[in-house]
Every structure is written in structure tokens, then in C-alpha cells.
Amino acid sequence: MSTESTDKKYKVVIVGGGIAGLATAHYLERAKEEGWAPPSLQVTVYERNEEDNNSTKYPMQISPDARSALQKILSTQEYSNLTTQSNYGITHGGVNILNPDLSHLFSNIKYQNEQPQWIHRKVLKDMLSVGVNITRGKRVVRVREVEAKVEVVFEDGANELADLVIGADGIGSIVRSQTHPSFPHFPLIPYVLIQFKLATPIAKLPLQLNKDCQNTILGSHSNYLLIIPLHGIDLPRMTPRSAITLSEQGPFAEPDQSVLKVQDSLKDTQTGYVLVRMLSNVSGEGAAGWEDLTEGAWIDKILDILKKDGTDQGLLQIIENDSIPGTISSTGVVSSALGKHVPYKDGKVFLIGDAAHAVPPTNGNGGAAALLDAQGIVETLLTCSELGPGAAPLTSYHRSLIRTEAYLKGSLHLLENSTTSGWSGFIQKSRLKLRNSF
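All residue numbers for the sequence shown refer to this note's numbering, where the first residue is 52 and numbers rise by one.
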């Protein structure tokens with residue numbers, strides 16, 4: 052693409068200020084600043100929310116593919132700053148798989164560039180926001196092509212004309228619902244992701260848990276549990292059973308000072324804690340109603356499932372005593388269907404990230420897809436003789452299609468294998484034991 056300056060602006064509007072949208076905008080702005088994109092390029096991000104949603108409280112798994120994309124999107128110095136500011140994921144030594152009683156099944160210790168690493172999501176978003184023109188609290192309600200431009204209409208009645216619109220507005224994408232009305236929603240699959248944080252000192256975790264690994268506990272009742280020690284500044288001590296006690300006291304209960312100190316400490320991105328992620332199959336009887344559970348009810352439900360599995364008593368006690376109030380969340384898992392992609396539609400509107408494809412939250416595949424989409428669309432656009440849609444997004448789209456299908460297969464396979472029960476679960480665990488003996 053020519054970098055000659057022209058008076059005519061080429062306007063790119065990105066709808067959505069999540070990871071995919073910010074990564075795309077940051078990469079384009081860096082290209083312009085470093086002289087390999089024309090100064091006529093004008094990029095604006097519109098984000099419907101005034102503030103970040105609850106997901107920013109949780110770290111994001113950065114897979115090798117995601118790290119590769121970030122090393123392209125960020126400058127060398129920015130990438131170095133990123134790992135310095137959110138360093139607790141770099142020490143992880145692989146995956147440690149156990150039975151509920153914490154007897155050993157399998158360990159996979161990997162080289163550093165292959166390790167499952169985690170990064171503070173807010174740190175990443177702040178880094179990607181540098182140099183980006185973003186307007187928050189601006190909700191897009193309509194996108195349509197008007198002659199040689201794209202009209203972007205906002206909820207407040209304002210409108211803007213753009214040369215290219217990139218829809219990065221997530222799973223419930225407004226842009227996708229209008230450009231591809233046959234794909235208004237991605238389907239929920241019968242799994243729930245529960246996440247919460249423990250105030251347990253890492254040194255006091257059960258000895259069977261590897262303090263530098265992602266510990267996977269395979270249950271016998273359609274679930275699996277991840278215990279991930281994230282090293283950093285120690286948390287203050289917290290009154291035991293605080294989350295359950297507050298839930299029992301009702302919605303107007305006030306946390307004590309020990310809880311407030313812990314919650315305040317978690318605002319520091321250098322603070323360490325134990326992250327717990329549980330994926331549970333909620334198909335069949337008893338699945339209804341999980342959306343309405345309180346924090347205390349969720350802890351009770353988790354403990355009930357784990358007790359039925361015969362889970363180690365020490366681990367049960369830690370979850371009961373050390374779950375941090377205000378950190379427990381549950382989310383239904385959404386997934387694109389295998390072989391049923393949002394088709395490419397030639398024009399001036401392009402979808403990336405969760406707006407284009409939904410990948411279940413396993414192995415960091417969703418984050419990798421978003422970052423690689425951002426890298427792909429920017430690099431494809433910047434290799435064109437002139438900025439414009441046409442063949443450039445088409446090339447990037449087909450790369451995304453192939454990659455995402457592989458991510459989908461891997462994520463769905465892991466979900467099914469990890470939450471299987473009965474004879475299937477027994478066979479799966481036997482295979483892991485056999486692999487570990489070689």
C-alpha cells in the first residue's frame with residue numbers, strides 16, 4: 052500500500068472496543084506512526100459501554116498463537132512492557148492432570164514458548180488502547196452501505212460515513228445481525244463456565260497441586276476444574292467463609308474489613324491469587340436455573356458436585372473458606388457450529404473476533420482467534436496498492452476460516468473429553484495414565 056500523503060482521508064470505523072477491535076486499531080495506528088501506513092488513514096473505535104464489563108476482572112490465557120500475534124501487533128518495547136506489567140503467567144510449567152482425590156494422572160511440562168500463560172486482561176486492553184481514538188458509550192444501531200461509503204448510525208441519532216467498517220462487537224454483534232441476518236446469534240452449547248478467585252496463599256495449596264502449573268482436575272460428574280496459581284504480591288488474610296456468609300445475609304450485607312482489603316488488593320495487576328475455573332455440562336435434568344444463583348449458592352453447588360466426585364477434603368475446605376466475594380461469575384458457553392461459518396460478503400463491512408466466530412473458552416483459542424484476526428486484517432489491508440475492501444479482506448477471511456475451524460474442533464473436543472462421565476470417563480483417565488507411563 053502506498054504511504055504517500057493525500058488530502059483525502061480514508062476512514063475506518065471499528066465497532067467494538069474489546070480485544071479484537073483495540074488490537075486492530077492499535078496495529079493500524081502503529082503502522083501509521085512508523086510510516087508503513089499512509090497518514091490519510093483515519094481510525095475510530097466506537098464502544099457501546101462506558102466502562103469495561105465484568106470479564107476484565109479475570110485473566111486471559113495467552114496461547115502460543117496469541118503471543119505470536121501480539122509480537123506483531125505491539126512494538127518490541129510494548130511487548131516487553133506487557134510481560135513486565137502482567138508477569139504472573141510467565142512462570143507456568145505446563146499442565147498437571149489429577150483425579151478428584153488429587154491422585155496423579157498425567158503431567159505435561161512444556162518449554163517456555165509453549166507454556167499455558169495468563170495475562171491480566173485489563174493490562175492488555177490498556178496497552179492496546181495506547182494511541183487509539185476510542186469513543187465510549189456510543190452504541191451503533193445500524194450499518195448500511197450508501198453508494199461508495201458505509202453509513203454508521205448511532206443510538207443517539209447521529210451518523211457517520213466510513214470507507215470501511217470492521218465489526219468487532221462480540222458474540223451478540225449488531226453488525227453481524229444486519230450484514231448476515233441468517234446468523235443473528237451463535238448457539239449456546241450445554242456448558243457453563245464458572246470463575247472465581249481464592250485468597251489462599253499459593254504455598255498452602257494441597258501438595259499434589261503443582262504450584263507452577265495449570266492443574267486440571269477431571270471430575271466424574273460431567274465437569275472439570277482448573278486450579279491456576281498466579282504468582283505475585285501476596286493477598287491480605289481474609290475472614291473464612293466470607294462469600295457464603297455474605298450471601299446468607301442477603302443483598303444488602305456489608306463485607307468486613309478483611310474482605311475489603313482483599314478486594315482492593317486485587318485492583319493491583321501485580322497481585323497474585325489462585326484462579327479457579329470450572330466447566331460443567333448442564334444438559335439434562337437439574338440444569339435449569341443456574342443463571343439465577345447467588346455467589347453463595349454457586350459455592351454450595353460447586354461443593355456439592357465436587358463432594359459427589361470424592362474430591363480431596365483439603366481442596367473442598369479451601370474453596371469453602373477462601374472464595375473471594377465479588378469474584379464469582381457464571382457464563383453460558385457459546386460456540387459456532389462446526390462447518391457453519393458466517394460467509395464472507397463482498398463489500399465494505401468486515402467481521403472479526405467473536406463477531407465472526409465464537410470459540411469455547413478452552414486453551415486460549417478464543418483470544419488467539421481474535422488477535423490473529425486483528426493481525427490478519429491489518430496486514431492484508433496494508434499490502435494492498437490502495438486501501439479498500441475487495442480482495443484484501445477476502446484473503447484474511449479465508450485464513451481465519453481455516454484457523455477457526457481447527458480451534459473449534461480442539462475446544463469442543465477438550466470440552467467433551469474433560470466432562471465425560473461413566474465408562475467413557477474411565478477410559479479417558481486410563482489413557483492418560485497409560486500416556487504418563489511412557
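The beta carbon of each residue, even a glycine, is placed where N, CA and C say it ideally should be.
Since residue i is in the beta strand (DSSP E), which residue starts that stretch and which ends it?
i           : result
residue 320 : No beta strand (DSSP E) holds residue 320; DSSP gives it neither H nor E.
residue 218 : 215 to 218
residue 230 : Counting along the chain, residue 230 falls outside any beta strand (DSSP E), though it belongs to the alpha helix (DSSP H) covering 225 to 230.
residue 333 : Where residue 333 is concerned, there is no enclosing beta strand (DSSP E), given that its DSSP letter is neither H nor E.
residue 202 : 200 to 205
residue 299 : Careful: residue 299 lies outside any beta strand (DSSP E), inside the alpha helix (DSSP H) at 293 to 300.
residue 194 : 191 to 197
residue 159 : 155 to 159
residue 400 : 400 to 402
Determine, for residue i, whether the minimum Cβ-Cβ distance to residues of chain B falls below 7 Å.
i          : result
residue 61 : The chain labelled as chain B is not found in the depicted structure, where only one protein chain is given.
In angstroms with no decimal places, state the Cα-to-Cα distance between residue i and residue j.
i           : j           : result
residue 189 : residue 196 : 20 Å
residue 380 : residue 103 : 15 Å
residue 92  : residue 123 : 19 Å
residue 37  : residue 183 : Since the displayed the chain opens at 52 and closes at 489, residue 37 lies outside it and no answer follows.
residue 273 : residue 328 : 14 Å
residue 62  : residue 203 : 12 Å
residue 59  : residue 89  : 11 Å
residue 410 : residue 458 : 7 Å
residue 316 : residue 226 : 38 Å
residue 330 : residue 454 : 24 Å
residue 314 : residue 133 : 23 Å
residue 220 : residue 186 : 14 Å
residue 80  : residue 299 : 50 Å
residue 232 : residue 401 : 14 Å
residue 158 : residue 145 : 8 Å
residue 304 : residue 108 : 22 Å
Report the residue from the options whose alpha carbon sits nearest the alpha carbon of residue i.
i           : options            : result
residue 217 : 74, 414, 435       : 74
residue 254 : 456, 334, 280      : 280
residue 212 : 453, 456, 415, 64  : 64
residue 432 : 422, 191, 446, 423 : 446
residue 276 : 176, 265, 284      : 265
residue 368 : 466, 66, 250       : 250
residue 153 : 420, 362, 429      : 362
residue 110 : 466, 326, 422, 420 : 326
residue 425 : 137, 132, 179, 83  : 179
residue 419 : 155, 241, 168      : 168
residue 376 : 350, 387, 354      : 350
residue 364 : 87, 172, 258, 233  : 258
residue 193 : 177, 207, 101      : 207
residue 173 : 295, 318, 461      : 318
residue 435 : 243, 348, 370, 87  : 87
residue 294 : 283, 248, 268      : 248
residue 430 : 78, 353, 71, 302   : 78
residue 391 : 444, 324, 332, 460 : 460
residue 278 : 245, 171, 297      : 245
residue 332 : 234, 270, 112      : 270
residue 312 : 303, 304, 322      : 322
Could you tell me which residues DSSP pairs with residue i in its beta bridges?
i           : result
residue 381 : 245
residue 97  : 66, 186
residue 267 : 148, 277
residue 111 : 170
residue 374 : 249
residue 325 : 249, 280
residue 61  : 92
The alpha helix (DSSP H) that contains residue i, what's its start and end?
i           : result
residue 135 : 127 to 136
residue 359 : 346 to 359
residue 24  : As displayed, the chain neither begins before 52 nor continues past 489, which places residue 24 out of reach and without an answer.
For the stretch 79 to 98 and the stretch 445 to 462, state whether three or more C-beta atom pairs, one from each stretch, are separated by less than 8 Å.
no
Is the stretch 284 to 291 close to the stretch 114 to 130, with three or more CB pairs under 8 Å?
no
Answer yes if the stretch 401 to 410 comes into contact with the stretch 65 to 84, meaning at least three C-beta pairs across the two stretches below 8 Å, and no otherwise.
yes
Do the stretch 235 to 245 and the stretch 302 to 313 meet, that is, are 3 or more Cβ pairs less than 8 Å apart?
no
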